[in-house]
Amino acid sequence: MHLFSKLRRKSGGENLRTSNYSYVTARVRAMKSKLLPADTYSKLLNMGIDEITRTIEELEYKQDIDVLARQYSGADLIEHALNRNLAVTFTKVLNMAEGEPNYLLSKYLKRYDVWSLKTILRGKHYNASPDKIEENIISAGKYSFDFLSDLANKDSYTDVISALENTEYYSILKQYDGTNLSDIENELEKEYYKDLFISVSKLKSKNSRIFAEFVGAEIDIKNLRTLFRLKMSGIEPEEIRKLMIEGGHRVKMKDIESLLPLSFDEFLSAVDKYSYWYNFSDVVSSEMESLIDLETQLLKQNVKFASSISHVYPLSIVPIMDYILNKKIEVDNLRIIIRGKSAGLDKEVIRKQLVI
Amino acid sequence: MAVEDVKPTRSELLEIKKKIKLSEDGHKLLKKKRDGLILEFFDILNQAKDVRSELDDAYKDANNKIGIAKSVEGTITVNSTAFSLKDYPKIHLQSNNIMGVVVPKIESSSVRKPINQRGYGILGTSSYIDEATDAYETLVENIIQAAEMETTMKRLLAEIEKTKRRVNALEFKVIPELKEARDFIKLRLDEMEREGTFRLKKIKKS
């Protein structure tokens with residue numbers, strides 16, 4: 007994943023009154039047309055691993071596979087190539103954008119920085135080798151691979167945290183004492199969404215409002231997912247409250263407050279009044295043992311929402327986000343198929359995980 | 065004990081008779097122990113079969129769940145999340161006594177943890193990771209249970225084998241040899257008595 011470090015990343019601190027939405031949306035529309043059509047996945051599902059690998063090699067991922075072929079093989083090669091392509095594509099879109107879209111996108115893609123920082127801290131916590139940590143970094147955000155690699159090569163987590171002293175993450179990271187990793191991870195996630203929301207709220211344009219709606223929908227889904235996971239495990243309301251993210255689009259904090267004290271059965275009856283309910287009512291019941299189907303439905307809902315508003319606002323941030331989301335879905339779907347096949351999963355099990 | 069080595073004396077006969085009695089008592093006891101151990105073994109064997117089939121199911125389930133997690137979330141996510149889990153399950157070994165056989169009793173703690181105490185953050189992970197972790201916690205519990213059962217079975221089997229060898233040795237070697245020695249001494253003593261009587265008669269005649 008070294009290539010990302012060579013790509014120049016435009017910072018978000020440009021003149022926010024300028025924008026080139028017409029140019030970027032035209033480019034991403036062209037890029038979106040190159041994404042795989044839905045029926046390709048059904049065809050791939052009927053192929054063997056070698057055939058799938060060959061098909062993927064003939065797509066946009068050829069260059070990534072060629073670069074990584076010396077290092078990896080089999081399903082590992084495909085997965086790393088897919089991740090590399092994802093990072094390169096996101097960086098490309100980020101570099102196309104100027105002014106406001108660049109600012110919004112760079113804020114959104116900071117999730118990959120959070121991911122990489124979490125991976126580095128986890129690796130240091132586990133005493134994993136720098137090579138192992140580097141293998142699991144996705145440098146698709148603000149930080150370059152070289153910077154993240156330097157962090158991975160630090161001797162201890164205290165050195166990693168010291169190196170991040172001038173970043174917005176330091177106030178959270180300095181609370182890490184070697185035992186509270188999960189709390190730090192949760193706080194980093196919450197800080198990401200808080201920062202995203204505050205950054206978007208600062209802007210007064212129509213685009214920022216649409217983007218806020220998009221982010222709000224994602225927060226709704228994240229909160230619902232957390233509620234389902236923790237309610238099903240019987241975690242105390244106080245603990246759940248700490249993990250709720252503010253800024254939901256349709257499920258506001260006051261709604262969440264009313265859901266918190268309810269038992270799992272009562273919670274299920276209470277969530278059916280939300281507009282999301284019809285999307286997952288058929289996979290939810292009080293006897294449910296797995297949340298996997300629900301998670302897939304929630305993800306599909308998120309993609310559907312982005313696609314629906316991208317047609318309404320053709321010259322806005324939404325088509326760009328729609329492309330970013332669809333590109334991520336394509337990479338995820340290809341990985342689901344190749345990994346699922348190599349793990350010997352049933353075809354129907356794989357199909358159920360696909361977001362088509 | 066070869067018959068030729070036996071001294072045909074009355075005291076030796078008494079000694080051998082005592083040994084026969086002791087061996088026969090020992091043989092009866094060992095037979096009872098062997099039968100008891102076999103009963104105990106079959107009892108544990110049935111439990112072990114259930115545990116082993118649960119272990120197989122848990123292994124298949126864990127493989128399936130980690131396969132789904134790796135495909136949906138990616139191996140990168142699974143590997144990164146695994147880094148945050150540093151605690152190993154704690155295992156306490158105690159011993160149990162089954163008819164003189166010392167078998168292990170394995171108790172485990174910190175295998176199963178609540179979702180919010182596993183070490184990874186909730187907000188950055190998903191149900192795919194939760195369910196794979198759950199499946200592996202169940203698998204580890206099953207492995208510990210199977211280890212206890214199967215070690216118990218191995219020790220019982222070894223003890224049954226040992227007891228069987230002792231029973232057979234007593235039944236087919238020690239006791240028959242002692243009986244042979246006893247019969248030999250009896251024969252010799254009877255003969256010596258007859259010789260003595262004959263000698264006395266001869267002396268009386270002359």
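Residue numbers (the numbering used here), protein chains in the order written: chain L, 7 to 362; chain W, 65 to 270.
Glycine included, C-beta positions come from ideal geometry on N, C-alpha and C.
Which same chain residues end up closer than 7 Å to P136/L when comparing Cβ atoms and leaving out the 5 residues on each side of it in sequence?
Here the question's residue 136/L lines up with position 130 in the first sequence. Excluding sequence neighbours, P136/L sits near A158, N159.
Alpha-carbon to alpha-carbon, L92/L and K334/L:
What you label residue 334/L is simply residue 328 of the first sequence in a count that begins at 1. What you label residue 92/L is simply residue 86 of the first sequence in a count that begins at 1. Near 7 Å, if we compare the C-alpha coordinates of L92/L and K334/L.
Pull out every residue of the segment 142–172 of chain W whose Cβ sits closer than 7 Å to any Cβ of chain L, in chain order.
So the close ones are N143, S144, F147, S148, K150.
Along chain W, which residues have their Cβ under 7 Å away from the Cβ of I326/L?
As a first step, residue 326/L is located in the first sequence; it is residue number 320 there, counting from the start. Neighbours of I326/L on chain W: none; closest Cβ ~24 Å, over 7 Å.
Enumerate in chain order the residues of its own chain whose CB-to-CB distance from H8/L is below 7 Å, with the five nearest sequence positions on each side excluded.
In the first sequence, the residue the question calls residue 8/L occupies position 2. With a pLDDT of only 42 at H8/L, under 50, the local geometry of the prediction cannot be trusted, and no value is derived from it.
Please name the residue, chosen from E225/W, S135/W, A122/W, K134/W, that lies closest to N206/W on a Cα-to-Cα basis.
Position 142 of the second sequence, counting from 1, holds the residue named residue 206/W. Looking from the CA of N206/W, the closest CA among E225/W, S135/W, A122/W, K134/W belongs to A122/W.
Span separating the alpha-carbon of A75/L from that of L83/L
The residue labelled residue 75/L in the question sits at position 69 within the first sequence. The residue labelled residue 83/L in the question sits at position 77 within the first sequence. About 6 Å.
Alpha carbon to alpha carbon, what distance is there between P240/W and T73/W?
Here residue 73/W refers to the residue found at position 9 of the second sequence. Here residue 240/W refers to the residue found at position 176 of the second sequence. Approximately 19 Å between the Cα atoms of the pair.
Among the candidates T185/L, E224/L, L187/L, I62/L, whose CA atom is the shortest distance from the CA of L202/L?
On the first sequence, residue 202/L is found 196 positions in, with the first residue counted as 1. Restricting attention to T185/L, E224/L, L187/L, I62/L, the CA atom closest to the CA of L202/L is found in E224/L.
In chain order, which continuous runs of the alpha helix (DSSP H) of length 4 or greater are located wholly inside the segment 123–163 of chain W?
Taking only runs of at least 4 residues, the alpha helix (DSSP H) segments lying wholly in the segment 123–163 of chain W are 139–147.
Assuming F220/L contacts V324/L under a Cβ cut-off of 8 Å, what Cβ separation, rounded to an integer in Å, is found between them?
For the purposes of this step, residue 220/L is taken as the residue at position 214 of the first sequence. For the purposes of this step, residue 324/L is taken as the residue at position 318 of the first sequence. F220/L to V324/L, Cβ: 7 Å. Contact.
What does the alpha-carbon distance come out to for the pair G18/L and S155/L?
As a working mapping, residue 18/L is identified with position 12 in the first sequence. As a working mapping, residue 155/L is identified with position 149 in the first sequence. Any reading at G18/L must be qualified, since the residue scores a pLDDT of 47, below 50, and its modelled position is unreliable; the value itself is stated next. Just so you know, the alpha carbons of G18/L and S155/L end up roughly 23 Å apart.
Coarse secondary structure for P267/L, derived from DSSP in three states
In the first sequence, residue 267/L corresponds to position 261, counting from 1. Collapsing the DSSP output to three states places P267/L in coil.
In the DSSP assignment, the alpha helix (DSSP H) including I84/L goes from what residue to what residue?
Residue numbering aside, residue 84/L sits at position 78 when the first sequence is read from its first letter. Start and end: 80–102.
Could you name the residues of the same chain whose beta carbon sits closer than 6 Å to that of S205/L, not counting the 5 residues immediately before and after it, in chain order?
Residue numbering aside, residue 205/L sits at position 199 when the first sequence is read from its first letter. Only residues of its own chain outside the window of five on either side were considered, and among them K113 have a CB closer than 6 Å to the CB of S205/L, listed in chain order.
Assuming contact is defined by CB atoms lying nearer than 8 Å, are S135/W and I342/L in contact in what I supplied?
Translated into the one-based positions of the second sequence, residue 135/W becomes position 71. Translated into the one-based positions of the first sequence, residue 342/L becomes position 336. Contact: yes.
Are V257/L and D226/L touching if we call contact CB-CB under 8 Å?
Along the first sequence, one-based indexing puts residue 257/L at 251. Along the first sequence, one-based indexing puts residue 226/L at 220. Against a cut-off of 8 Å, the Cβ pair of D226/L and V257/L comes out as a contact.
Counting only beta-carbon atoms, is I84/L nearer than 8 Å to chain W?
Working through the first sequence from its first residue, we reach residue 84/L at position 78. So, not an interface residue.
Quick one: grab the DSSP three-state call for I179/W.
Taking the second sequence and counting its residues from 1, one reaches residue 179/W at position 115. In this structure, I179/W counts as helix in the three-state DSSP scheme.
List in chain order: all unbroken alpha helix (DSSP H) runs of 4+ residues lying wholly within the segment 230–269 of chain L.
List check, alpha helix (DSSP H) in window: 243–248, 259–265.
Sequence-distant residues of the same chain with beta carbon closer than 8 Å to K150/W, five excluded per side
For this step, residue 150/W is matched to residue 86 along the second sequence. Contacts found: G183.
Is the shortest distance between the beta-carbon of N89/L and the beta-carbons of chain W less than 8 Å?
Stepping through the first sequence from its first residue, residue 89/L is reached at position 83. By the rule that beta-carbons nearer than 8 Å mark a contact, N89/L touches chain W.
Anticipated Cβ contact below 8 Å, L88/L with V337/L, distance rounded:
As a working note, residue 88/L is residue 82 in the first sequence. As a working note, residue 337/L is residue 331 in the first sequence. Right, their Cβ atoms sit about 5 Å apart.
In chain W, which residues lie with their C-beta within 9 Å of the C-beta of T97/L?
Indexing the first sequence from 1 puts residue 97/L at position 91. Under the 9 Å cutoff, chain W gives no residues; its nearest Cβ is about 18 Å from T97/L.
Starting from the C-beta of Y47/L, find all residues in its chain whose C-beta is less than 7 Å away, skip the five residues before and the five after it, and write them out in chain order.
Along the first sequence, one-based indexing puts residue 47/L at 41. The beta carbon of Y47/L lies closer than 7 Å to those of N339, I343, L360, I362 in the same chain, with the five residues before and after it left out.
Under DSSP, the beta strand (DSSP E) around S172/W begins and ends at which residues?
Here residue 172/W refers to the residue found at position 108 of the second sequence. First-last of the beta strand (DSSP E) with S172/W: 165–173.
Per DSSP, which one or two residues make a beta bridge with G105/L?
Translated into positions along the first sequence, residue 105/L becomes position 99. Beta-bridge pairing links G105/L to S25/L.
Counting contacts by CB-CB distance shorter than 8 Å, is S371/L in contact with chain W?
One cannot answer for residue 371/L here, as it falls past the ends of chain L, which runs 7 to 362.
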